[in-house]
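Notes for the one structure printed next.
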Amino acid sequence: MGKIKIIAEREFNERVRKKSFIITTILMPIAFVAIMFVPALMMNISSDEKKEIIVVDQSGMVGERLQDDGQMMFSLSDKGFDTLKEENNEVFGILVIGEDVATNPSNLQLFTYESSTINIESAITEQVRNIIEAEKLKQYNIDDLDRILGEIKTPVSLQVKQLNESGEAKDSSAILNIALAYVFGFLIYMFVFLYGNMVMQGVIEEKSSKVMEVMVSSVKPFQLMMGKILGIAAVAITQFMIWVVFILVVGAGAMSLLGGDELLAAAQASAAMDPAMASMSGTEMSLDKDAAALINTITDPGYLVRILGGFLLYFVGGYLLYAAMFAAVGSAVDNEKDTNNLQLPITIPLILALFVMMSAMQEPNGPLAVWFSMIPFTSPIVMMVRLPYGVPDGFWISVLLLYGTFLAMVWLAGKIYRVGVFMYGKKPTLGELLKWARYKS
Amino acid sequence: MEVFLKVENITKQFAGHTALDDVSLEVPRGCVYGLLGPNGAGKTTLIRIINHITAPDKGRVWFNGHPLSPADVANIGYLPEERGLYKTMKVGEQALYFAQLKGLSKAEATARLKKWFVKFGIEGWWNKKVSELSKGMAQKVQFIVTVLHEPQLLIFDEPFSGFDPINANLLKNEILELRDKGATVIFSTHNMASVEEVCDHITLINKSKNILSGSLDEVRRSHGGNIFEVDFRGNKESLVGALAGLPCGLLDESLIADEDKENRSERALKIHIERDEDVRSVVEVINNTVQLRTFREVIPSMNDIFIQAVAKHSAK
Numbered sequence: 001m002g003k004i005k006i007i008a009e010r011e012f013n014e015r016v017r018k019k020s021f022i023i024t025t026i027l028m029p030i031a032f033v034a035i036m037f038v039p040a041l042m043m044n045i046s047s048d049e050k051k052e053i054i055v056v057d058q059s060g061m062v063g064e065r066l067q068d069d070g071q072m073m074f075s076l077s078d079k080g081f082d083t084l085k086e087e088n089n090e091v092f093g094i095l096v097i098g099e100d101v102a103t104n105p106s107n108l109q110l111f112t113y114e115s116s117t118i119n120i121e122s123a124i125t126e127q128v129r130n131i132i133e134a135e136k137l138k139q140y141n142i143d144d145l146d147r148i149l150g151e152i153k154t155p156v157s158l159q160v161k162q163l164n165e166s167g168e169a170k171d172s173s174a175i176l177n178i179a180l181a182y183v184f185g186f187l188i189y190m191f192v193f194l195y196g197n198m199v200m201q202g203v204i205e206e207k208s209s210k211v212m213e214v215m216v217s218s219v220k221p222f223q224l225m226m227g228k229i230l231g232i233a234a235v236a237i238t239q240f241m242i243w244v245v246f247i248l249v250v251g252a253g254a255m256s257l258l259g260g261d262e263l264l265a266a267a268q269a270s271a272a273m274d275p276a277m278a279s280m281s282g283t284e285m286s287l288d289k290d291a292a293a294l295i296n297t298i299t300d301p302g303y304l305v306r307i308l309g310g311f312l313l314y315f316v317g318g319y320l321l322y323a324a325m326f327a328a329v330g331s332a333v334d335n336e337k338d339t340n341n342l343q344l345p346i347t348i349p350l351i352l353a354l355f356v357m358m359s360a361m362q363e364p365n366g367p368l369a370v371w372f373s374m375i376p377f378t379s380p381i382v383m384m385v386r387l388p389y390g391v392p393d394g395f396w397i398s399v400l401l402l403y404g405t406f407l408a409m410v411w412l413a414g415k416i417y418r419v420g421v422f423m424y425g426k427k428p429t430l431g432e433l434l435k436w437a438r439y440k441s
Numbered sequence: 442m443e444v445f446l447k448v449e450n451i452t453k454q455f456a457g458h459t460a461l462d463d464v465s466l467e468v469p470r471g472c473v474y475g476l477l478g479p480n481g482a483g484k485t486t487l488i489r490i491i492n493h494i495t496a497p498d499k500g501r502v503w504f505n506g507h508p509l510s511p512a513d514v515a516n517i518g519y520l521p522e523e524r525g526l527y528k529t530m531k532v533g534e535q536a537l538y539f540a541q542l543k544g545l546s547k548a549e550a551t552a553r554l555k556k557w558f559v560k561f562g563i564e565g566w567w568n569k570k571v572s573e574l575s576k577g578m579a580q581k582v583q584f585i586v587t588v589l590h591e592p593q594l595l596i597f598d599e600p601f602s603g604f605d606p607i608n609a610n611l612l613k614n615e616i617l618e619l620r621d622k623g624a625t626v627i628f629s630t631h632n633m634a635s636v637e638e639v640c641d642h643i644t645l646i647n648k649s650k651n652i653l654s655g656s657l658d659e660v661r662r663s664h665g666g667n668i669f670e671v672d673f674r675g676n677k678e679s680l681v682g683a684l685a686g687l688p689c690g691l692l693d694e695s696l697i698a699d700e701d702k703e704n705r706s707e708r709a710l711k712i713h714i715e716r717d718e719d720v721r722s723v724v725e726v727i728n729n730t731v732q733l734r735t736f737r738e739v740i741p742s743m744n745d746i747f748i749q750a751v752a753k754h755s756a757k
């Protein structure tokens, strides 16, 4: 085991000292935030340009009441649809409201010159529905209708408290749970990919530079593989810890600068900035209450320990499992170009896990989430969705399965590795790789 | 002769082909043992088995009197034919790393490395990156790394490739010095001239089989066809006539013709003497006929032996 330590130390020192490590340590959080939040921001700013829609109102009731909003501009037209169509106006589209739209609500057509978007379609539907509903209400001739409607409107705010075993109620912030699940799940995905690839490249480099030939007389290929995997794991953990310390320092700095109230306000502001997150949770909540719940949740030590501890446990397990696979692939080829086909069995479960994670957010304890958080190849990512809601049933079984599979995978990868490192000039298939595993030493 | 390493009936098969077929050999302690053979004959496989990198299907290896075990690897230094260093690592750090993997402590390794670096005149390289070194320079570092832990068995596979004649000579002397200090050396190469220079014993492997083993002298003599070269001064015809009565064949008359220049009275002649014949009687006849200058046995070069033996074995 002493040799594995020497190898791991070299891997660690060589990588941590590199400039690229320092650069990625700084750039990764920025890239990470960009990847996650830029699409959401883009959705908000892309609607800057207003879409012009010509309205042909055959009902004479709806058209004039359509209101322009952030993304659309309506203009009524007396001409018929056929004429307008031939005029080929430079507009987004033509909305045709049928004569009997009140009784036949599907008699509503939108013709567009470019592809339409869900946002526009639902906004139009919403407006037309409100107009027709209001019109219908009016026909009942209720006095004081507007006042009554005003009084009826009630903003409900649901406050969620999660009861623990001792009956203590704690704030539970759905937004925070989802955000953390998203961040940590994605982080595991990225780390496994990046660092797994690093293992693979390291193996390929050793093989193609023939360092391997010199090494094998002093160490077993298995030691070489394990040393590399563990050394690079230490690099990953170091990088993660740097980020954690960084966030804590920045967080503490912000806390002391702002004080409690301002921080709460800041939290509200940041929550308000992210409508994509709010709509994902499917609830519209009072931001005040939610921000309070958020602050209360995140400052709960039990919650933090569960999330961070779970993350580390699954990150390390997931990385080890996949790194062993990456190492086996690296050992089998002469250069990186030849890895594409062999990488498929590694990338497919990883990407699948990411997709399952996304849908499991809706129902963290549904069958999809439960099953995929048990399967070792997907559990590291999918379990991140379930952890914020408490330690799930079967958590330790899942952990055990993950680490057990890792051991089995290392054994298998070691066998492939041992044969692979001496194979040159071949572009092996996956089948051949598995055949190598059966060779005697 | 004390046997240091004994390879006993080793057979190794890979998918579809036999790399070694019932190969046996004995390497005496404290000698340089040449492991020869054409490309793909199975030499590297045999070396890997000795290094405990792969295991044989059949047969055993005895190391210093006991069956080879993984722990013995610490007593072996192996310089593979295909060798490389981490390009971005510094020379000193890298040498230290390999030494530590061989089981040396950091302090011990540093002390020994410094000594070797001075010996090879490369003290200034310690903090250089490997990518800055030429091929020959990198080879020097690898040689040091191979011998640093003072193993009992050294295996060199084409150690001189990439070296200029001066450095190759330096290395050759180092290898001989290590042998004289008691190390046993296995030396694999295609350069037959260097085999003649450094090897005490050889084994020739062809098509997975050991086709020729023995001490270098023995092998060369046994491949000599009892051919002798005679340099003389005097009349050619009278010598040829005198030899005609003896049980020996005249081999190479062209040799005489070539040497028979106007102003030179020295001639040479190659003759073949029947194996059981008394050489002295032939010498006596020659001596009585012409003025004999030299008379010596023609020993075939390792190059010739290699080609002959491989061709003969392959033709079977």
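Just so you know, the protein sequences line up as chains X and U, in that order.
Just so it is clear: in the first sequence, position 231 is 231 by my numbering, and no numbers are missing.
Just so it is clear: in the second sequence, position 168 is 609 by my numbering, and no numbers are missing.
For each residue, glycine too, the CB sits at the ideal point set by N, CA and C.
query                                                                                                                             : result
is_contact[residue 11(X), chain U] using C-beta, thresh 8 angstroms                                                               : no
Residues within the region 506-518 of chain U neighbouring chain X, beta-carbon criterion of under 9 angstroms                    : 511, 514, 515, 517 and 518
Residues near residue 605(U) by beta carbon distance below 7 angstroms, same chain, minus five either side                        : 577
Spatial neighbours of residue 100(X) in its chain, beta-carbon cut-off 7 angstroms, leaving aside the 5 residues before and after : 107
Beta-carbon proximity of residue 473(U) to residue 640(U), cut-off 8 angstroms                                                    : yes
Ranges of the beta strand (DSSP E) found wholly within the region 651-684 of chain U, counting only runs of at least 3            : 668-674
Residue 217(X) versus residue 304(X) - alpha carbon distance                                                                      : 47 angstroms
Below-8 angstroms beta-carbon distance, residue 6(X) vs any chain U residue                                                       : yes
Beta carbon proximity, residue 213(X) to chain U, threshold 8 angstroms                                                           : yes
DSSP-derived helix/strand/coil call for residue 755(U)                                                                            : helix
Beta-carbon gap between residue 376(X) and residue 430(X) smaller than 8 angstroms                                                : no
Unbroken beta strand (DSSP E) run spanning residue 514(X), endpoints                                                              : With chain X covering 1 to 441 only, the question about residue 514(X) has no answer from this structure.
Selected residue, minimal CA-CA separation from residue 501(U), among 464(U), 478(U), 480(U) and 526(U)                           : 464(U)
Buried/exposed call for residue 236(X), threshold 16 Cβ in 10 Å                                                                   : buried
Where the region 324-346 of chain X meets chain U: residues whose CB sits under 9 angstroms from a CB there                       : none
7 angstroms Cβ cut-off: residues of chain U touching residue 210(X)                                                               : 523, 524 and 525
Residues sharing a beta bridge with residue 508(U), DSSP                                                                          : 503(U)
Three-state secondary structure (DSSP) of residue 57(X)                                                                           : strand
Member of 657(U), 503(U), 455(U) and 521(U) whose CA lies at the smallest distance from the CA of residue 743(U)                  : 657(U)
N-terminal and C-terminal residue of the alpha helix (DSSP H) that residue 175(X) is part of                                      : 174-208
Proximity test, Cβ basis, 8 angstroms: residue 538(U) and chain X                                                                 : yes
Spatial distance of residue 711(U) from residue 637(U) (CA atoms)                                                                 : 23 angstroms
Beta-carbon neighbours of residue 542(U), restricted to chain X and to distances below 8 angstroms                                : 3, 6, 7, 215, 218 and 219
Runs of alpha helix (DSSP H) wholly within the region 115-154 of chain X (minimum 4 residues, chain order)                        : 118-138 and 145-152
Cβ contact check for the region 523-533 of chain U and the region 565-572 of chain U: 3 or more pairs under 8 angstroms           : yes
Where the alpha helix (DSSP H) containing residue 13(X) begins and where it ends                                                  : 2-16
Proximity to residue 91(X) [Cα-Cα], best of 76(X), 246(X) and 383(X)                                                              : 76(X)
Closest residue to residue 538(U) among 214(X), 68(X) and 363(X) (Cα-Cα distance)                                                 : 214(X)
Span of the alpha helix (DSSP H) around residue 542(U)                                                                            : 532-542
CB-CB length for residue 11(X) against residue 228(X), believed under 8 angstroms                                                 : 5 angstroms
Under the three-state DSSP convention, the category residue 581(U) falls into                                                     : helix
CB contact below 8 angstroms: residue 14(X) versus chain U                                                                        : yes
Closer than 8 angstroms to chain X by CB, residue 494(U)                                                                          : yes
Buried/exposed call for residue 746(U), threshold 16 Cβ in 10 Å                                                                   : buried
Rounded C-alpha distance that separates residue 760(U) from residue 681(U)                                                        : Past the boundaries of the shown model lies residue 760(U); chain U is included only from 442 to 757, so the question cannot be answered.
Below-8 angstroms beta-carbon distance, residue 201(X) vs any chain U residue                                                     : no
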